[in-house]
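Asks:
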């Protein structure tokens, strides 16, 4: 009987997580690092090294041909870097999970890699057991993060969201707002400014949007809070 792709026994292109071997592609620009990683995984039950790449462009080409379950990806490489390679693999719909393995855990390295689609992020000083667990977990689609990277992402999530700067009011919008603050109706404001009531309404809608409010009273209150109006403007 053919396996049902939805019953949890079907594997990825090279075995995946259904009990067969996890196909692994190693990507690093240093031959010594690639040799060390290949030696680490050779003979490990449940993992098969399918190939090696020295840069991101080669990684994408091999991922298309070999269809690995997991790509162990360095980030800083000459030519096409790791983040670009992760992004291109996602754009091409390649099913491989990308587990970043790098020396760097700064904002400028971690965040772009995660945003590009990396499944996990480990550092090269990780113990062998942690790296093996990470590869198997990544093949199952689980997120894998070194403690320092997890702390960095948590810190970013907890950081307060900075509101974008408010768009300044135009001189005419300020005039309309000042008249409204003194109790003028749309008709009275239009007569004062020698414009139509429709024009006054348009200015009000624009300043409502800029102040993040929905009515005249809220607009006046927000304007006083932000120093756009002074007590003498009432």
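In our numbering, the protein residues as written are 798 to 1031. Idealized CB from N, CA, C, for every residue including glycine. Everything numeric in this text was worked out from a predicted model, so none of it was measured.
#1: Is it true that the stretch 895 to 911 meets the stretch 863 to 871, where meeting means three or more beta-carbon pairs spaced less than 8 angstroms apart?
#2: Helix, strand or coil for residue 1019 per DSSP?
#3: Quick one, are the C-beta atoms of residue 875 and residue 904 less than 8 angstroms apart?
#4: Determine the direct distance from the alpha carbon of residue 879 to that of residue 895, and round the result to whole angstroms.
#5: Which ranges would you report for the beta strand (DSSP E) in the stretch 911 to 948 if only whole runs of at least 3 residues count?
#6: State buried or exposed for residue 862, treating a residue as buried only when at least 16 other CB atoms are found within 10 Å of its CB.
#7: Quick one: what's got a C-beta closer than 8 angstroms to residue 1011's C-beta in the same chain, skipping five residues either side?
#8: Could you have a look at residue 899 and say whether DSSP puts it in helix, strand or coil?
#9: Among residues of its own chain, excluding the 5 on either side of residue 1019, which ones have a beta-carbon nearer than 6 angstroms to its beta-carbon?
#10: Output the distance between the C-alpha atoms of residue 839 and residue 964, rounded to the nearest integer angstrom.
#11: Taking all protein chains shown into account, decide if residue 1002 is buried (16 or more other Cβ within 10 angstroms of its Cβ) or exposed.
#12: For residue 865, count the other beta carbons within 10 Å of its own beta carbon; 16 or more makes it buried, fewer makes it exposed. Which is it?
#13: At what residue ranges does the stretch 839 to 888 contain a whole run of the beta strand (DSSP E), taking only runs of 3 or more?
#14: Please list the terminal residues of the continuous beta strand (DSSP E) segment that includes residue 1025.
Replies: On the basis of the data shown:
#1: yes
#2: Residue mapping note: residue 1019 aligns to position 222 of the chain shown, counting from 1. Helix.
#3: Residue mapping note: residue 875 aligns to position 78 of the chain shown, counting from 1. Residue mapping note: residue 904 aligns to position 107 of the chain shown, counting from 1. For residue 875 and residue 904, no; Cβs fall outside 8 angstroms.
#4: Here residue 895 corresponds to residue number 98 of the chain shown, with the count starting at 1. Here residue 879 corresponds to residue number 82 of the chain shown, with the count starting at 1. Looking at the two C-alpha atoms, the distance is approximately 10 angstroms.
#5: 917 to 920
#6: By 1-based counting over the chain shown, the position of residue 862 is 65. Classification for residue 862: exposed.
#7: Numbered from 1 along the chain shown, position 214 holds the residue referred to as residue 1011. Excluding residues within five positions, the ones whose Cβ falls inside 8 angstroms are 1005.
#8: Reading the chain shown from its first residue, position 102 is the one you call residue 899. DSSP places residue 899 in strand when its eight states are reduced to three.
#9: Within the chain shown, the letter at position 222 stands for residue 1019. Here the set comprises 1008 and 1010.
#10: Numbered from its first residue, the chain shown carries residue 839 at position 42. Numbered from its first residue, the chain shown carries residue 964 at position 167. Approximately 60 angstroms between the Cα atoms of the pair.
#11: By 1-based counting over the chain shown, the position of residue 1002 is 205. Exposed, by the Cβ-count rule.
#12: As a working note, residue 865 is residue 68 in the chain shown. When all chains shown are included, residue 865 counts as buried.
#13: 844 to 850 and 867 to 870
#14: The residue labelled residue 1025 in the question sits at position 228 within the chain shown. Per DSSP, residue 1025 belongs to no beta strand (DSSP E) and is neither H nor E.
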